[in-house]
Amino acid sequence: MLTISQIRENPDEILQRLSIKNFDAKDLVSEILDLDINRRLTKSELDNKQAMVNATSKTIGGLIKSNLHREAESAQKQTSALKEEIKILSRQLAEIEEKLEQLLIRIPNLPAPQVPPGKTSADNVEVRSGGMMPVLPENALPHWDLARICDIIDFELGNKLTGSGFPVYKGMGSKLQRALINFFLDENIKAGYIEVIPPLMVNEDSGFGTGQLPDKDGQMYHVASDNFYLIPTAEVPVTNIYRDVILNAGDFPVKNTAYTPCFRREAGSYGKDVRGLNRLHQFDKVEIVQIQHPGRSYETLEEMVNHVEMLIQRLQLPYRIMKLCGGDMSFTAALTYDFEVFAGAQKRWLEVSSVSNFESFQANRLKLRYREEGGKKPLLAHTLNGSSLALPRIVAALMENNQIKDGIRIPPVLLPYTGFDIIPVSV
RNA sequence: GGAGAGAUGCCGGAGCGGUCGAACGGGGCGGUCUCGAAAACCGUUGUUCUGCUAUCGCGGGACCGAGGGUUCGAAUCCCUCUCUCUCCGCCA
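Final position of the first sequence in my numbering is 437; the numbers increase by one with none missing.
Quick look at the structure:
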């Protein structure tokens, strides 16, 4: 969330920038500013009264020590009225602060200046593209058919075990998953990311820290008996490693990568969007996370984009990089690049990675700060993350684009990981 | 799941209900000494809200797991919750 001082100092700029996200914050901001004034008035009144009580209590302590009990008793009586007022004021203050917090939480992150205006994904701006578009016959098969005839992914079996959106990978399909995961992790580690294996369930505090809670709780699976949430992305546990942490400026950049399964309820999705591997409830993803100095976070974003691009190039997939417009960006992001690969049989672009700079928006929720060299006050750090990469749609595109008469060709870069370069048709 | 113990600052570890934001030790930082370093010695060392101040600062409030309560006054007493540790049971 934004800090109260950001809003207090530049309310008009905030409104203007949020309009790029098509968010009208006028009423929210003015309500916040009013509450903020009210809060400080109430607070100073409360503090003054509390200071008086504290002073009296100290006096009483001294009187009792000097055996002046009568004087002590009369001083005691003086505080009772004050204590009543303090009770009322602190209740008021708590209410105001709670209300303020509720309002602040509803304001999305400010889009970076370079974010293009727009409402939907149609308004996203292509930054660049690469790779060779596949040349496929008209009767090219979509990946769900290829999965069946090669017997590597069984969607029906997943239905039986759990429900739709929980496929079972089999044989070479399973091996391909592991190969991709290891390939991605190895490349990330080469690029300086430290691997972690985080918990797949998180508590409420973690969900709040990265911005999934309170608003998007319907998109996560909730384990009611223990009040845990299944992670929708490794971003949640990995970024929360740094919750309530004060780093030194010399610690930057902090770089982590993690492979995790991800769980998403995807309520409301339907149709061709959810066919096959296009949209699942459980899927595998390798994530990269960086914590960076505010002055360098945009260089870092570019570095991450280049890194993800390199991965896709090495898989020889046709791709394009989109800069998201204000309307298509997430609540928490300041600038986001989406990576899409082309799936030749479906003839669709599929999003396989989303790389974002959150600036201090998550850091404020996380209380993730750093101390400048020799500086006194801790300042909010910047957080960034991106998929490197999400597996299912990569697999879908690999399968569709590389289909040949009697199987599926595997890109050479994976051969050391799979041990095979063709997945043959088996039925 | 059963029984017990505990949660204090960067770490270890004290803390009769009254100048306790917290002894002491370690660490960090600054300094003295040194060609340099070590040792020794001296000093310093949390977060947060808020008022005044152009700034350096100065003043006030809060924070000793979290939330309530008792009291003129709570790290210290009471209640609830969470977490950790030990033992037993179960178990990959």
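All residues carry an ideal CB built from backbone N, CA and C; glycine is no exception.
{"query": "Excluding the five sequence neighbours on either side, which residues of its own chain have a C-beta within less than 7 Å of the C-beta of T310, listed in chain order?", "result": "P263, Q300, Q302, L394"}
{"query": "Hey, would you say V362 sits closer than 9 Å to V351, going by beta carbons?", "result": "yes"}
{"query": "Check whether the segment 40-55 touches the segment 15-25, taking contact to mean three or more Cβ pairs, one atom from each stretch, closer than 8 Å.", "result": "yes"}
{"query": "For the alpha helix (DSSP H) that contains D215, what are its first and last residues?", "result": "214-219"}
{"query": "L290 to Q16, Cα distance in whole Å?", "result": "39 Å"}
{"query": "Keeping to the same chain, check which residues put their C-beta closer than 6 Å to that of I163; ignore five residues upstream and five downstream.", "result": "A157, P177, Y179, G183"}
{"query": "Would you identify the three-state DSSP class for H153, choosing helix, strand or coil?", "result": "helix"}
{"query": "Ignore the nearest five residues each way along the sequence and tell me which others in V63's own chain have a CB closer than 8 Å to its CB.", "result": "T89, L92, K93, I96"}
{"query": "Applying the criterion that 16 or more other CB atoms from any shown protein chain within 10 Å of the CB defines a buried residue, is T249 buried or exposed?", "result": "buried"}
{"query": "Rank E81, E382, N198 by C-alpha distance to the C-alpha of D261 and give the top, closest one.", "result": "E382"}
{"query": "Nearest-angstrom Cα distance between P402 and V255?", "result": "34 Å"}
{"query": "Compute the distance between the beta-carbons of E369 and A122, then report whether it is under 9 Å.", "result": "yes"}
{"query": "Could you give the uninterrupted runs of the alpha helix (DSSP H) lying entirely in the segment 336-364, keeping only those of 4 residues or more?", "result": "none"}
{"query": "Suppose you measure from the CA of A118 to the CA of T342; what does that come to, to the nearest Å?", "result": "Residue 118 is actually Pro in this sequence, not Ala. Their backbone Cα atoms lie some 6 Å apart in a straight line."}
{"query": "Kindly list the residues whose CB is nearer than 8 Å to the CB of L171, restricted to its own chain and excluding five residues on each side of it in sequence; keep chain order.", "result": "V178"}
{"query": "Please name the residue, chosen from F238, N198, G202, E205, that lies closest to E214 on a Cα-to-Cα basis.", "result": "F238"}
{"query": "How many whole angstroms separate the CB atoms of L2 and T346, which I take to be in contact at a CB cut-off of 8 Å?", "result": "In the structure as shown, the chain starts at 11 and stops at 437, and residue 2 therefore has no counterpart that could be examined."}
{"query": "Taking three-plus beta-carbon pairs below 8 Å as touching, is the segment 140-152 in contact with the segment 410-427?", "result": "yes"}
{"query": "With S398 and F194 assumed to form a contact (beta carbons below 8 Å), what rounded beta-carbon distance in angstroms separates them?", "result": "6 Å"}
{"query": "Cα-Cα, which of G281, V206, A400, Y269 is closest to I251?", "result": "V206"}
{"query": "D283 lies in the beta strand (DSSP E); which residues open and close that run?", "result": "Run containing D283: none; DSSP gives neither H nor E here."}
{"query": "Suppose contacts are defined by Cβ-Cβ distances below 9 Å. Is D161 in contact with G175 by that definition?", "result": "no"}
{"query": "Any idea if M320 is buried or exposed, counting beta-carbon neighbours within 10 angstroms, 16 or more meaning buried?", "result": "exposed"}
{"query": "Looking only at its chain, what residues have a beta carbon closer than 7 Å to the beta carbon of Q323, apart from the 5 residues adjacent to it on each side?", "result": "G140, G141"}
{"query": "Using a Cβ-Cβ cut-off of 8 Å (strictly less than) and excluding sequence neighbours within five positions of K59, which residues of its own chain qualify?", "result": "L92, E95, I96, L99"}
{"query": "Rounded to the nearest angstrom, how far is the Cβ of A406 from that of H153, given a contact under 8 Å?", "result": "4 Å"}
{"query": "For Q413, which beta-bridge partners are listed by DSSP?", "result": "I418"}
{"query": "Quick one: what's E297 bridged to in DSSP?", "result": "A268, S397"}
{"query": "Would you identify the three-state DSSP class for H466, choosing helix, strand or coil?", "result": "For residue 466 there is no data in the structure shown, the boundaries of the chain being 11 and 437."}
{"query": "Quick check: what's the CA-CA separation for I9 versus S340?", "result": "What the structure shows of the chain is the stretch from 11 to 437, and residue 9 is not part of that stretch, so it cannot be assessed."}
{"query": "Determine the DSSP secondary structure at I30, reduced to helix, strand or coil.", "result": "helix"}
{"query": "Can G219 and R253 be called in contact, C-beta distance under 9 Å?", "result": "yes"}
{"query": "In this structure, how does DSSP classify I74 when only helix, strand and coil are distinguished?", "result": "helix"}
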